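Student: For the sequence shown, position 125 (counting from the first letter as 1) is numbered 1459 according to the working numbering, and the numbering increases by one without interruption. Take a look at the following structure, please.
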Amino acid sequence: MPRPQKCRRIHFEPQILYFKPAGIPLTKLEEVTLTLEEFEAIRLKDLEGITQDDASKAMDISQPTFHRLLLSARRKVAEALVLGKAIRVNGGNYKMVVTGERVFRCFDCKNEWMESYGTERPQKCPDCGSVNIRRSPSDRGPSKGHGYGGREKRGFQV
Ligand SMILES: [Zn+2]
């Protein structure tokens, strides 16, 4: 049985999910599909300019995994630019992190859940009842200054 894939953290939900070269009829158009994780890797590294180390922490994945995502994302974007393909942003396995909420993690069952700011700090894990819980260190986004809280939304899988 395959192990369920670990969810990656995404701090930005793209508004535009389809990019199409001008002047090519739809019937002739080929497309590449960027997963949201790949999109996020490019955003963090190439747009925000943060280090791979910080970017992989922000996404809660290992640095080699981040590196693989980034290379795959760049290759797809290059392919679209050079060969005139459309880019579809879609799918992947991710959790959306939304400013304004906090992510807590249980160290016994590895459960993660969210609490809004302004609510009381949770006393125990809602899943297993353990008190061995902590604010998840990975719910802070890469931006400087203000910490991200995290509301988690399960992504869809392709
Ligand atoms: Zn637990």
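In this text, a Cβ means the ideal position worked out from N, Cα and C, and glycines have one as well. The structure presented is a predicted model; accordingly, all values stated were derived computationally and were not measured.
1. Candidates P1456, L1370, L1417: which alpha carbon is nearest A1356's?
2. Extract the residue ranges of the alpha helix (DSSP H) inside the stretch 1376-1434, only unbroken runs of 4 or more that lie entirely within it.
3. If you check the beta carbons only, do E1372 and S1396 fall under 7 Å apart?
4. If you draw a straight line from the C-alpha of P1398 to the C-alpha of G1463, how long is it?
5. Please indicate yes or no: does the CB of S1470 lie closer than 6 Å to some heavy atom of ligand 3?
6. With distances taken from CA atoms, which of R1409, K1419, N1424 is nearest P1359?
7. Going by beta-carbon coordinates alone, are C1440 and I1467 separated by less than 7 Å?
8. Assuming the contact rule is C-beta atoms closer than 8 Å, I1376 and R1408 should be a hit. Round their C-beta distance to whole Å, please.
Tutor: Let me lay it out:
1. Of the listed residues, the one whose Cα sits closest to A1356 is L1417.
2. Taking only runs of at least 4 residues, the alpha helix (DSSP H) segments lying wholly in the stretch 1376-1434 are 1386-1393, 1397-1417.
3. No; because the gap between Cβ atoms is not below 7 Å, this pair is not in contact.
4. The C-alpha of G1463 is placed about 34 Å away from the C-alpha of P1398.
5. Absence of ligand 3 from the depicted structure is noted, with ligand 1 being the only ligands included.
6. Nearest of R1409, K1419, N1424 to P1359, Cα basis: K1419.
7. In this structure, I1467 lies closer than 7 Å to C1440 by Cβ.
8. Contact holds; Cβ gap of about 7 Å.
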